[in-house]
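Report on the structure given below.
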Amino acid sequence: MGKLTKWKSALAATAFGLAATAGMGAAQAADTIKVGILHSLSGTMAISETTLKDAMLMLIDEQNKKGGLLGMKLEPVVVDPASDWPLFAEKARELISKDGVSVTFGCWTSVSRKSVLPVFEELNGMLFYPVQYEGEESSRNVFYTGAAPNQQAVPAVDYLLGEEGGEAKRIVLLGTDYVYPRTTNKILRSYLNAKGIADADIMENYTPFGHSDWQTIVAQVKEFASQGKKTAVVSTINGDANVPFYKELANQGIKAEDIPVVAFSVGEEELAGLDAGPLVGHLAAWNYFMSVDTPENDAFIKAWHAFIKDEKRVTNDPMEAHYIGFKMWVQAVEQAGTTDVDAVRQAMYGQTVKNLTGGVAVMNTNHHLSKPVLIGEILEDGQFEIVSATDDVVVGDAWSDFIPESAKLTADWTYPWVCGNCEKPRF
Amino acid sequence: MSLRQWMRGGALRFLMVFWALAVLVPHSGASAAEDLGTLVTELGAASLSKKQAVVDRMVATGAPEVVPILEALVGRDLYTRKSDGVVVIGQKTSGGKLLLTDPLTGSEVGTVGSREVKRIKTNNRLRSSVKAVMGTLTLMSPDPQRRLEAADGLLKSSDQAMLPLIETALAKEADAAVKNALQLAKASIKLQSGSAEERLAAVQSLADRTDPESRVMLSRLLLKDGDVWREPDETVRETAGETLASMERRLEMWRTVEHLYQGISLGSVLLLAAMGLAITFGVMGVINMAHGEMVMLGAYTTFVIQEAFRSLAPGLFDWSLAVALPAAFLVSALVGIAMERGCIRFLYGRPLETLLATWGISLVLQQTVRSIFGPTNREVGAPEWMQGAMESVAGITLTYNRLWIILFSFCVLGAVLLVMKKTAFGLQMRAVTQNREMARAMGIPTGRVDAMTFGLGSGIAGIAGVALSQIDNVSPNLGQAYIVDSFMVVVFGGVGNLWGAFAGAMSLGIVNKLLEPWAGAVLGKILVLVAIILFIQKRPRGLFALRGRAVES
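Heads up: the protein sequence lines correspond to chains A and B, in order. As numbered in the working numbering, residues 66 to 492 make up the first sequence, in order. As numbered in the working numbering, residues 620 to 1172 make up the second sequence, in order.
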């Protein structure tokens, strides 16, 4: 944190002046462009978010080595919202009005995003949100670089139902009890119904955050699977609860070949903390895997290892999301010739950046990316082997087609729509 | 297996059985139908969906080299070398590199880095069908483990052509587990392809079982594809239905046993976490919010000890927990004593300040661990004897790690009771609890006893950390997950009473697990909490209230 205090004191003198001119290209008044990083460095979410803070520092560092942006250096402004949702909103306000950042990269949980949303909308800030989420949202001030449900959940279920995935006929939806799993499972249930799987063949179960005693639920899954139809599990279990869940699965002798589990919140970072042996063969769906063999990915991993000075650290999907988001923002700023939020937003649409996994990511007018979807099997070393990939990029869908009241809505922030949740164009 | 799959593999499967039987009889003339070398190269190049066909053709060659190649494929050790596209078997060396061998000759062909080769992909579907195919080849292996895998593979494929092979193997099989699996496989084949009488006999042969596999088989007979029954014969269907129903009835009792076991297991975890608190909070009256962090320190000590074992004596890894136990006790006890001497002793009699101070300490400890070990989870391995589960005949599962933790928590409880009741230190401790002033008047150094008591409570929390590292995340947040539950147990059980903590933990665990199947985990927890609040209204001192001057004042 030494670095943090240094620039903070240096900035203290100009901070108030900046605040006064915020919204009128404030950052340009200084000789640097400030980039806010809003990730928890302490508390429950530090486990996932600290890495993203480091990844952002690396990207900013790289950009500065290339000569910065618009002839100015980029300056990271790191704050710690400490996994405390209301504090996220406070820190976001501080970043925009006090520090005068041009853009903010941050948040992990949906509840933290919902908490900062009004702040970014009120102060006309710009947030890049890098994590897969439940969709059903499109804000003018947020760019969603993680997967929407149709870029992760739906393709994963398609895989399970398909021949390669074992032609599952019964699906267990396990999740942690909060907005992301509940919304995702709502979408998945109506999707499964549309695919001819009756409600009797769907089991839905929610557990509290950090649930560690999975005996009963794993036994229930086993029971559910012994009714003569191929069964698969779709897991939206979040964070810490995953380790005891997989341990219990392995100990009760459930093999991936019998009941495969496809997870949406388990990536390389989560697997680094446990013995992946018992998990081998279970699946995860993401837009990025560290094991993808492309020159871009190799370069990214090499840069990451050099920056973090630890060869053992892994890369994961939200890191790639930040990579794409940051590159797009840089390109948009260069195109707009300013860091003014409104100008950069206009320049963001249609920006393209090469994915680390191959192909090209495009920013759409609904503020979601077009990205490829990959499904990987867990390997012994905590990495993934890709067993299925979409042929082309999938366009992120802000409003799910499988929820009747959402299917009517359109998110499009360009003329004539200029709206995140409208049934018809506003102009 | 669907009809389509069966048609596709039928002829080849027959060949395989022929070959497998031929191998059993020496000097038979199975000739290589295709060049294995070409097929192996083809396997490397084929897409995931095409690999099955190549595997079938490889098996059809009847060459003995096929088994190790397929084993490497299933074990994800088969690679193509990027430089020349040659298929090789790779084994990890200690230096993180791969030792390559030629799949056909078995000779070594060099060592390369992992990025110079590309793994030949498999998925769950391919692996399970390859395992089934391999079942025909390894069913006669001298290793019972491999025979068991082979039998499981045969059960999954349930291929009629395998029946003679299974009968042969069944006749001379001595291992009970393998025999069991073979009988299941036989019944499964009969159910799918036998005549109506054979199917009926197969259903009846399953009548004594309750395992999930046989229930799957029977319930499959009762399914409909559209309007057509999968099982055409009505008698068979009815018998299957009755058998299934009687299985369910027998299982019902066993399920209750299973729920009880799960409840006791959850209770033992709660007991371990709460026992230390029962001493610091229950006996000393200190509201120690940093109690969870003592548990966490114990878990991290386990991690450090295991890392040392991994690098210094990997062969003795199974003993790492035995070393971790005293180490964790010491680390947590020392931190606890330092806390008591450095902070808490100035705050006796001021519960609110104690609460805030210890909460602050808990944050400091968490962030310290986070800075030293990083925010991510740390990997704590399980020794061999704690992995897996005991599959009982009735089809219920008792996992070994839970079983050990139950035993362990009882041992710790016994040990603590011994210390409390039979040692001089225990006597002094109880004396101080019951009447501090009088104890001091009798010449007991109350300050020292306080420090030691706090150390004991913290040390036990450390030991709990060793056990919890086996079932939960080892992360800086580990302690937070248990602090509320621990307080709940101690308050419910009765402050200042170890038996109270025991009764409290067990009843909470069992009630929780009995509620969970029908109320769900979230609602279950809420119901338990509401029940405790109501109970405390009725009996503010918990299940077993301690009587003494200190309590009454």
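All residues carry an ideal CB built from backbone N, CA and C; glycine is no exception.
| Asked | Found |
| --- | --- |
| Mind pulling the chain A residues with CB within less than 9 Å of ASN1116 (chain B)? | In chain order: nothing, as chain A lies at least about 25 Å away. |
| Closer than 9 Å between beta carbons: that is the criterion. Which residues of the segment 115-142 of chain A meet it against chain B? | THR115 and THR116 |
| Is LYS669 (chain B) close to chain A, meaning its C-beta is less than 8 Å from at least one C-beta of that chain? | no |
| Going along the chain, which unbroken runs of the alpha helix (DSSP H) with 4 or more residues stay wholly within the segment 320-373 of chain A? | 333-336 and 360-373 |
| Output the distance between the C-alpha atoms of LYS68 (chain A) and LYS1157 (chain B), rounded to the nearest integer angstrom. | Because the pLDDT at LYS68 (chain A) is just 47, under 50, the model does not fix this residue reliably, and the value given afterwards should be weighed accordingly. Their backbone Cα atoms lie some 56 Å apart in a straight line. |
| Taking Cβ to Cβ, would you say VAL345 (chain A) is nearer than 8 Å to ILE319 (chain A)? | no |
| Touching or not, the segment 906-921 of chain B and the segment 938-955 of chain B, by the rule of three or more beta carbon pairs under 8 Å? | yes |
| Assuming PHE1106 (chain B) contacts LEU1127 (chain B) under a Cβ cut-off of 8 Å, what Cβ separation, rounded to an integer in Å, is found between them? | Going by Cβ atoms, the distance from PHE1106 (chain B) to LEU1127 (chain B) rounds to 12 Å, so no, they are not a contact pair. |
| Are the CB atoms of ALA426 (chain A) and VAL418 (chain A) within a distance shorter than 8 Å? | yes |
| For ARG849 (chain B), does the count of other Cβ atoms within 10 angstroms reach 16, so buried, or fall short, so exposed? | exposed |
| Does VAL176 (chain A) have its Cβ less than 8 Å from a Cβ in chain B? | no |
| Quick check for students: name the residue ranges of the alpha helix (DSSP H) that lie wholly in the segment 640-714 of chain B, counting only runs of 4 or more. | 655-664, 670-680 and 685-693 |
| If I measure Cβ to Cβ from TYR1019 (chain B) and keep anything under 8 Å in the same chain, skipping five residues before and after, which residues do I get? | TRP1004, MET1005, GLN1006, GLY1007, ALA1008 and MET1009 |
| In whole angstroms, what separates the C-alpha of SER930 (chain B) from that of VAL1085 (chain B)? | 20 Å |
| Would ASP145 (chain A) and LEU106 (chain A) qualify as a contact pair, given that the criterion is a beta-carbon distance under 8 Å? | yes |
| Could you work out which residue in A:GLU201, A:PRO183, A:TRP173 and A:HIS370 is closest to GLN193 (chain A) when comparing CA atoms only? | It is Phe, not Gln, that sits at residue 193 (chain A) in the sequence shown. Comparing Cα-Cα distances from PHE193 (chain A) to each of A:GLU201, A:PRO183, A:TRP173 and A:HIS370, the minimum goes to A:TRP173. |
| So for GLU786 (chain B), helix, strand or coil by DSSP? | helix |
| Could you name the residues of the segment 926-937 of chain B whose beta carbon sits closer than 7 Å to any beta carbon of chain A, in the order they occur along the chain? | none |
| Leaving out the 5 sequence neighbours to the left and right, which residues in its chain are closer than 6 Å to VAL1051 (chain B) when beta-carbon positions are compared? | ALA1058, THR1065 and VAL1068 |
| Are any of the Cβ atoms in chain A nearer than 8 Å to that of GLY754 (chain B)? | no |
| What does ALA1100 (chain B) reach in chain A if we use C-beta pairs closer than 8 Å? | GLY275, SER277 and ASP305 |
| What residues in its chain sit with their C-beta under 6 Å from that of GLN317 (chain A), if we drop five residues either side in the sequence? | VAL283 |
| I'd like to check one pair, LYS711 (chain B) with THR730 (chain B): are the Cβ atoms closer than 8 Å? | no |
| Using a 10 Å radius around the Cβ and a threshold of 16 neighbouring Cβ atoms, would you call ASP827 (chain B) buried or exposed? | exposed |
| Express the C-alpha separation of ALA821 (chain B) and LEU810 (chain B) in angstroms, rounding to a whole number. | 6 Å |
| Alpha carbon to alpha carbon, what distance is there between PRO761 (chain B) and LYS791 (chain B)? | 12 Å |
| Can you give, in chain order, each stretch of the alpha helix (DSSP H) that sits fully within the segment 218-289 of chain A and has at least 4 residues? | 218-226 and 244-259 |
| How far does the alpha helix (DSSP H) with ASP1104 (chain B) in it reach, from first residue to last? | 1099-1112 |
| Measuring alpha carbon to alpha carbon, tell me which residue in B:ILE1082, B:GLY904 and B:VAL752 is nearest GLY681 (chain B). | B:VAL752 |
| Between SER113 (chain A) and SER453 (chain A), what straight-line distance do the alpha-carbon atoms span, to the nearest angstrom? | 26 Å |
| Does ASP278 (chain A) pass the burial test, meaning 16 or more other C-beta atoms within 10 Å, or should it be called exposed? | buried |
| Below 7 Å between beta carbons is the criterion; list the residues of the segment 827-841 of chain B that meet it against any residue of chain A, in chain order. | PRO831, ARG834, VAL835, SER838 and ARG839 |
| Taking just the CA atoms, how far does GLN1089 (chain B) sit from ALA337 (chain A)? | 16 Å |
| Quick one: what's got a C-beta closer than 6 Å to ARG869 (chain B)'s C-beta in the same chain, skipping five residues either side? | THR829 |
| Using CA coordinates, which residue listed in B:ASN996, B:LEU966 and B:ARG738 is at the minimum distance from ASP305 (chain A)? | B:ASN996 |
| So with CB distances below 7 Å, who are the chain A contacts of PRO1136 (chain B)? | THR281 and GLN285 |
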